[in-house]
Amino acid sequence: MATILDSLTPPVQLTPPTRSAVLPTWFGCSLPISTHSTRCPSISCKNENHSTKAFVVPRRNAVALILSSCVFSEMGFHNTAVAQSSVGFREYIDTFDGYSFKYPQNWIQVRGSGADIFFRDPFVLDENLSVEMSSPSSSNYRSVEDLGPPQEAGKKVLKQYLTEFMSTRLGVRRESNVLSTSSRVADDGKLYYQVEVNIKSFANNNEMAVMPQDRVVRLEWNRRYLSVLGVENNRLYELRLQTPENVFLEEENDLRQVMDSFRVNKVSG
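The following block contains the structure:
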């Protein structure tokens with residue numbers, strides 16, 4: 001889970017994480033996150049068509065089209081027309097932990113990431129999504145409003161991201177800001193917070209150089225981070241999306257559909 005809202009006292013006393021990996025925390029208290037064990041989520045695949053502007057091909061579609069063309073060319077189908085359909089979505093439903101969301105149908109699941117679930121774009125490796133949540137035994141959230149107003153939550157979301165990306169390398173500098181915070185009531189009647197932040201990472205090309213003119217600062221990466229927060233089953237859930245800023249400009253509509261699809265669901269005891 002992400003460390004969000006360090007200044008707000010959590011509803012209950014939280015316990016230290018039991019996992020050896022570095023875990024994000026909420027409200028300054030470490031929360032263990034379940035990663036596999038006996039849970040058996042169900043996945044239902046639902047292809048959904050959505051309109052796209054004429055002659056506009058997203059990055060991942062363009063790459064797939066090129067690869068498909070090469071395959072047909074090698075097979076000798078020189079006169080065969082190759083049509084790349086617009087991006088659709090599949091739905092991931094975790095009935096054990098109680099959440100669901102839709103994701104682009106060509107994204108792949110990556111195991112062992114440390115999150116409860118993790119998908120990424122197979123062509124743009126910096127583009128991914130994950131879900132994390134607080135421990136059911138050490139949290140007692142009643143509403144996402146326990147985190148305070150969206151603006152305050154946004155500041156703490158950004159603080160957590162910067163903590164996770166903290167580097168011990170010499171000459172590394174991060175620039176960041178909260179782009180937007182909002183709240184919405186979804187069709188399930190539950191309140192969700194949405195937070196968008198931008199983080200840029202800069203580094204020197206020669207950290208050990210003695211003369212300042214030999215240490216040239218360059219941009220390492222420039223990313224957009226999108227978070228959706230919700231509460232159910234006395235647990236705090238977070239859907240995270242990461243994408244390079246230049247890719248976000250191309251695929252904003254798809255990514256916002258993923259954000260809007262996130263739901264937290266009641267788990268039958």
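Numbers 1 to 269, taken from full-length UniProt numbering, label the letters of the sequence shown in order.
A virtual CB, placed ideally from N, CA and C, is assigned to each residue, including glycine.
Alpha helix (DSSP H) segment containing residue i, residue limits
i: R112; result: Strictly speaking, residue 112 in this sequence is Gly, with Arg absent from that position. From DSSP, G112 is part of no alpha helix (DSSP H); its letter is neither H nor E.
i: T95; result: Unbroken run through T95: none, as it is neither H nor E.
i: Y192; result: Segment L191 to N204 is the beta strand (DSSP E) holding Y192; no alpha helix (DSSP H) there.
i: T163; result: P150 to E164
Distance, residue j Cα to residue i Cα
i: N246; j: I199; result: 13 Å
i: M133; j: R169; result: 30 Å
i: F55; j: Q109; result: Note that F55 scores 38 on pLDDT, short of 50, meaning its location in the model is unreliable and no value can be drawn from it.
i: E252; j: S180; result: 14 Å
i: D188; j: D121; result: 28 Å
i: R184; j: V216; result: 44 Å
i: G88; j: D260; result: 15 Å
i: S176; j: V157; result: 12 Å
i: E186; j: P136; result: In the sequence on display, residue 186 carries Ala and not Glu. Approximately 23 Å, taken between the alpha carbons.
i: S130; j: R256; result: 15 Å
i: A153; j: V195; result: 8 Å
Per-residue burial, residue i [other beta carbons within 10 Å of its own, 16 or more giving buried]
i: E238; result: buried
i: R240; result: buried
i: V82; result: The pLDDT assigned to V82 is 33, lower than 50, so where the model puts this residue is not dependable; a value taken from the coordinates is nonetheless given after this. When all chains shown are included, V82 counts as exposed.
i: R263; result: buried
Closest by C-alpha distance to residue i, when choosing among the options
i: V258; options: V110, F96 and N128; result: N128
i: W221; options: R174, D254, D97 and D94; result: R174
i: G148; options: G88, D254 and Y192; result: Y192
i: R90; options: W107, G98 and D97; result: W107
i: L229; options: S167, S268, R142 and L219; result: R142
Residues of its chain near residue i, where Cβ-Cβ distance is below 6 Å and the 5 sequence neighbours each way are ignored
i: F248; result: R224
i: S100; result: I93 and R263
Bounding residues of the beta strand (DSSP E) (the contiguous stretch that carries residue i)
i: Q242; result: R235 to P244
i: Y141; result: Taken as a continuous stretch (DSSP letters only), Y141 belongs to no beta strand (DSSP E), as it is neither H nor E.
is_contact[residue i, chain B] using C-beta, thresh 8 Å
i: S261; result: No chain B appears in this structure, which consists of one protein chain only.
Cβ-based neighbour list, residue i, same chain, cut-off 7 Å, excluding 5 preceding and 5 following
i: K155; result: V178
i: T15; result: Confidence at T15 is low in this model, with a pLDDT of 42, below 50, so its placement is unreliable and the value that follows should be read with caution. Closer than 7 Å at Cβ, skipping near neighbours: S138.
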